[in-house]
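*Asks:* Below is a structure I'd like to ask you about.
There are 2 protein chains.
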Amino acid sequence: MDNMNIDHHISQQFNVELEDLRNNVLTMGGMVEQQLTDAMTALVENNAALGEIVITNDYKVNAMEVSIDEECCGILARRQPTAGDLRLIVAIIKTITDLERIGDEAEKIAKMAVHLADLGDQKSPLDSLQHMGDTVRKMLRNALDTFARLDVEQAIETAKRDAKVDNEYEAISRQVITFMMEDPRIITRSLDIMWSARALERIGDHARNICEYVIYLVKGRDVRHTSFEQMEAEARKGR
Amino acid sequence: MDNMNIDHHISQQFNVELEDLRNNVLTMGGMVEQQLTDAMTALVENNAALGEIVITNDYKVNAMEVSIDEECCGILARRQPTAGDLRLIVAIIKTITDLERIGDEAEKIAKMAVHLADLGDQKSPLDSLQHMGDTVRKMLRNALDTFARLDVEQAIETAKRDAKVDNEYEAISRQVITFMMEDPRIITRSLDIMWSARALERIGDHARNICEYVIYLVKGRDVRHTSFEQMEAEARKGR
Numbered sequence: 040m041d042n043m044n045i046d047h048h049i050s051q052q053f054n055v056e057l058e059d060l061r062n063n064v065l066t067m068g069g070m071v072e073q074q075l076t077d078a079m080t081a082l083v084e085n086n087a088a089l090g091e092i093v094i095t096n097d098y099k100v101n102a103m104e105v106s107i108d109e110e111c112c113g114i115l116a117r118r119q120p121t122a123g124d125l126r127l128i129v130a131i132i133k134t135i136t137d138l139e140r141i142g143d144e145a146e147k148i149a150k151m152a153v154h155l156a157d158l159g160d161q162k163s164p165l166d167s168l169q170h171m172g173d174t175v176r177k178m179l180r181n182a183l184d185t186f187a188r189l190d191v192e193q194a195i196e197t198a199k200r201d202a203k204v205d206n207e208y209e210a211i212s213r214q215v216i217t218f219m220m221e222d223p224r225i226i227t228r229s230l231d232i233m234w235s236a237r238a239l240e241r242i243g244d245h246a247r248n249i250c251e252y253v254i255y256l257v258k259g260r261d262v263r264h265t266s267f268e269q270m271e272a273e274a275r276k277g278r
Numbered sequence: 040m041d042n043m044n045i046d047h048h049i050s051q052q053f054n055v056e057l058e059d060l061r062n063n064v065l066t067m068g069g070m071v072e073q074q075l076t077d078a079m080t081a082l083v084e085n086n087a088a089l090g091e092i093v094i095t096n097d098y099k100v101n102a103m104e105v106s107i108d109e110e111c112c113g114i115l116a117r118r119q120p121t122a123g124d125l126r127l128i129v130a131i132i133k134t135i136t137d138l139e140r141i142g143d144e145a146e147k148i149a150k151m152a153v154h155l156a157d158l159g160d161q162k163s164p165l166d167s168l169q170h171m172g173d174t175v176r177k178m179l180r181n182a183l184d185t186f187a188r189l190d191v192e193q194a195i196e197t198a199k200r201d202a203k204v205d206n207e208y209e210a211i212s213r214q215v216i217t218f219m220m221e222d223p224r225i226i227t228r229s230l231d232i233m234w235s236a237r238a239l240e241r242i243g244d245h246a247r248n249i250c251e252y253v254i255y256l257v258k259g260r261d262v263r264h265t266s267f268e269q270m271e272a273e274a275r276k277g278r
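Protein chains in written order, with our numbering: chain A, 40 to 278; chain B, 40 to 278.
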C-alpha cells in the first residue's frame with residue numbers, strides 16, 4: 040500500500056513534469072507565432088524598427104529551444120519513460136527543432152523588411168504575399184493547437200494545408216519573375232519579396248512536420264515522407 | 040558472479056546495438072554525400088538523367104531516417120540509457136533530421152539541374168558555384184568524419200567553415216543579381232543558379248549543426264546559437 044502510494048506520488052510528480060514540458064513547448068510556440076506576426080507586419084508596413092525588434096528577439100527563441108532540450112534529456116535520464124511518454128519526449132525534441140527553425144525564417148523575413156525599408160520602398164509588397172502570410176500564420180496556429188490538444192483529425196487537416204501554401208508560393212514566384220523581367224531595376228527588391236515568400240513556404244513545411252509528430256505521438260505511426268492520402272489512411276487506423 | 044556475467048553480457052549486447060546505430064548513421068551520411076555529389080555533377084554537366092536519379096533516390100534517405108529513428112526509440116525504451124549513452128541517442132535523433140534535410144536540399148539542386156537542362160542551357164553554371172559545391176561537400180564529409188571519430192577539435196574547425204560557405208553564397212548571390220540586371224532574359228536560369236547556391240548554403244548550416252551535436256555529445260555542452268569564439272571556448276573546457 041505504501042509502495043502504491045509512493046508510485047502514485049512519483050507518477051503524479053512525473054505528470055507535473057510532463058505538463059510543465061508541454062506548457063513550455065506551447066510558450067515557445069507562442070513566441071514563434073509572435074515573431075512571425077511581427078515580421079509580416081514589419082514587411083507590410085515598411086516598419087524597419089519592428090523588423091529590428093524581431094531580429095533582436097530571435098535569441099529568446101533559441102534559448103527556449105536549448106532549455107526545453109535540457110528538460111527533455113533530464114526527464115529521459117531520470118524517468119526513463121516508455122511507450123506514450125517516450126513518444127511525447129521524442130516528439131517534443133523534434134517539435135522544438137522545427138519551432139526554432141520557424142523562428143529563423145521569421146528573422147529572415149524581418150531582415151527583408153529592414154532591407155526593403157532601407158531601399159526607401161514606400162509601396163506595400165504584393166497582396167498575394169500578405170495573403171500567403173495569413174495562410175501560413177493560420178497553419179502554424181493550427182499546428183500548435185493540434186499539439187496542445189493532441190487532435191489527430193486536426194493534425195491531418197492542418198498538414199494538408201501545406202499543399203495550399205506551396206501553391207501560393209509558386210504563384211508568387213511566377214509573379215515576381217514576371218515583374219523582374221519587365222523592369223530589371225526592381226530586381227533587388229523583387230528578390231526580397233521572393234525570399235520572404237520562400238521563408239513562408241519553409242514555415243509551412245515546419246508546421247506540417249509538427250502535425251506529423253502529433254500523429255506519431257498519438258498513433259505511434261510515423262507518417263513522414265508519405266503522401267497526404269497515405270498519411271490520412273495511416274493516422275485514421277486504430278492502433 | 041553470475042549477475043556480473045549477465046551484466047557484462049547485457050552491456051556487450053548494448054554496445055553492439057549502439058555500434059550498429061552509429062554505423063547506420065554513417066551509412067545514411069554516405070548516402071546523403073553521394074546524393075549531393077551526384078546533384079552537383081548533374082548541375083555542372085547539364086545531365087538531366089543523373090538529376091532524375093537523385094530525385095528518385097531521395098526516398099531511400101527518408102526511409103533511412105525513419106528506420107534509424109525507430110532504432111533510437113527502441114533503444115531508449117529497452118535500454119533506458121543515461122549520461123553519455125543518452126546523449127549519443129539524442130544527438131543521433133537530431134543528426135538524422137539534419138541529414139534528411141541535406142538530402143532534401145540535394146534533391147532541390149537536382150531539380151534545378153533538370154530544369155536547366157530542359158531550358159537547353161549548354162553553358163556550365165558559374166565556376167563560383169562549382170567551387171562552393173566543393174567547399175560544402177568537403178564540409179559535409181568532415182562533419183561526418185567528426186561524428187565517426189567523435190573528434191571535438193575537428194568539429195570546431197569544421198563548424199567554422201560555415202562562415203566561408205556563407206561568404207561564398209553572398210558573393211554568388213551578388214554576381215547573379217548583376218547578371219540578371221544586365222540581361223533580363225536570363226532571369227529564370229539565373230534564379231536556378233541562385234536557388235542552388237542557397238541549397239548549398241543550407242547544407243553548410245546542417246553540417247555545422249552536426250558538428251555542434253558532436254561537441255554536445257562529447258562534452259555535454261550545448262554550443263548551438265553561440266558565436267564561433269564561444270563555441271571554441273566552451274568545447275575546449277574540460278568537463
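Glycine included, each C-beta is placed from N, C-alpha and C at the ideal position. Treat the numbers as computed from the prediction; the structure is a model and nothing was measured.
1) Return the chain-ordered list of same chain residues with a C-beta closer than 7 angstroms to the C-beta of Gly113(A), the five sequence neighbours on each side being excluded.
2) Mind pulling the chain B residues with CB within less than 8 angstroms of Lys133(A)?
3) Below 7 angstroms between beta carbons is the criterion; list the residues of the stretch 258–275 of chain B that meet it against any residue of chain A, in chain order.
4) Going along the chain, which residues of the stretch 210–222 of chain B sit with their C-beta nearer than 9 angstroms to a C-beta in chain A?
5) Of all Cβ atoms in chain A, is any one closer than 8 angstroms to the Cβ of Val175(B)?
6) Can you tell me whether Leu65(B) is helix, strand or coil according to DSSP?
7) What does Tyr252(B) touch in chain A if you count any residue whose Cβ is under 8 angstroms from its own?
8) Once DSSP output is grouped into helix, strand and coil, what is the label at Gly113(A)?
9) Please return the same chain residues whose Cβ sits closer than 6 angstroms to the Cβ of Met40(A), not counting the five positions on each side in sequence.
10) Would you verify that the beta carbon of Leu127(B) is, or is not, closer than 8 angstroms to some beta carbon of chain A?
11) For a quick check, are the C-beta atoms of Trp234(A) and Met171(A) less than 8 angstroms apart?
12) Is the stretch 242–252 of chain A touching the stretch 223–241 of chain B, taking contact as three or more C-beta pairs under 8 angstroms?
13) Within 8 angstroms (strictly less), CB to CB, does Asn101(B) reach chain A?
14) Secondary structure at Arg224(B), three-state DSSP: helix, strand or coil?
15) What's the gap between the Cα of Glu109(B) and the Cα of Ala116(B)?
16) Could you work out which residues of chain B lie near Ile226(A), taking near to mean beta carbons separated by less than 7 angstroms?
17) So with Cβ pairs under 8 angstroms, would you call Leu155(B) a contact of chain A?
18) Verify the CB distance criterion: does Asp231(A) have a CB-CB separation below 8 angstroms to chain B?
19) Using 8 angstroms as the limit for Cβ to Cβ distance, is Tyr208(B) near chain A?
20) Find the nearest neighbour of Tyr208(A) within the set Ala236(A), Leu65(A), Asp201(A), Val105(A), judged by alpha-carbon distance.
21) Does Arg228(B) pass the burial test, meaning 16 or more other C-beta atoms within 10 Å, or should it be called exposed?
22) Identify the contact partners of Thr121(B) in chain A, using a Cβ-Cβ distance below 7 angstroms as the criterion.
23) Thinking C-alpha only, which one of Gln214(B), Glu251(B), Thr121(B), Val257(B) is nearest Ile195(B)?
24) Could you tell me the alpha carbon to alpha carbon distance between Leu230(A) and Met219(B), rounded to whole angstroms?
25) Here's the rule: buried if 16 or more other CB atoms are within 10 angstroms of the residue's CB, otherwise exposed. What is Glu84(A)?
26) When you compare only the Cα positions, how much space is there between Ile148(B) and Met79(B)?
27) List the endpoints of the continuous alpha helix (DSSP H) containing Thr134(A).
28) Give the DSSP-derived three-state secondary structure of Ser235(B) in the structure shown.
29) Kindly indicate which residue of Ile107(B), Asp97(B), Ala81(B) has the alpha-carbon position closest to the one of Glu56(B).
30) For Arg213(A), count the other beta carbons within 10 Å of its own beta carbon; 16 or more makes it buried, fewer makes it exposed. Which is it?
31) Quick check for students: name the residue ranges of the alpha helix (DSSP H) that lie wholly in the stretch 158–195 of chain B, counting only runs of 4 or more.
32) Can you say whether Ile275(A) is buried or exposed, counting buried as having 16 or more other CB atoms within 10 angstroms of its CB?
33) Measuring only between beta-carbons, confirm whether Val105(B) sits less than 8 angstroms from chain D.
34) Using a C-beta cutoff of 8 angstroms, does Asp201(B) count as contacting chain A?
35) Which chain A residues sit within Cβ distance under 7 angstroms of Asp77(B)?
*Replies:* For this structure:
1) none
2) Ile132, Thr136
3) Asp261, Arg263, His264
4) Ser212, Ile216, Met219, Met220, Glu221, Asp222
5) no
6) helix
7) Neighbours of Tyr252(B) on chain A: none; closest Cβ ~11 angstroms, over 8 angstroms.
8) helix
9) Here the model assigns Met40(A) a pLDDT of 37, short of 50, so the residue's position is not dependable and the matter cannot be decided.
10) no
11) no
12) no
13) yes
14) helix
15) 10 angstroms
16) Ile216, Met219, Met220
17) no
18) no
19) no
20) Ala236(A)
21) buried
22) Ala116
23) Glu251(B)
24) 11 angstroms
25) exposed
26) 7 angstroms
27) 122–157
28) helix
29) Ile107(B)
30) exposed
31) 166–188
32) Note on identity: in this sequence residue 275(A) is Arg, with Ile being the wrong assignment. So Arg275(A) ends up on the exposed side.
33) Absence of chain D from the displayed structure is noted, the protein chains being A and B.
34) no
35) In chain order: nothing, as chain A lies at least about 20 angstroms away.
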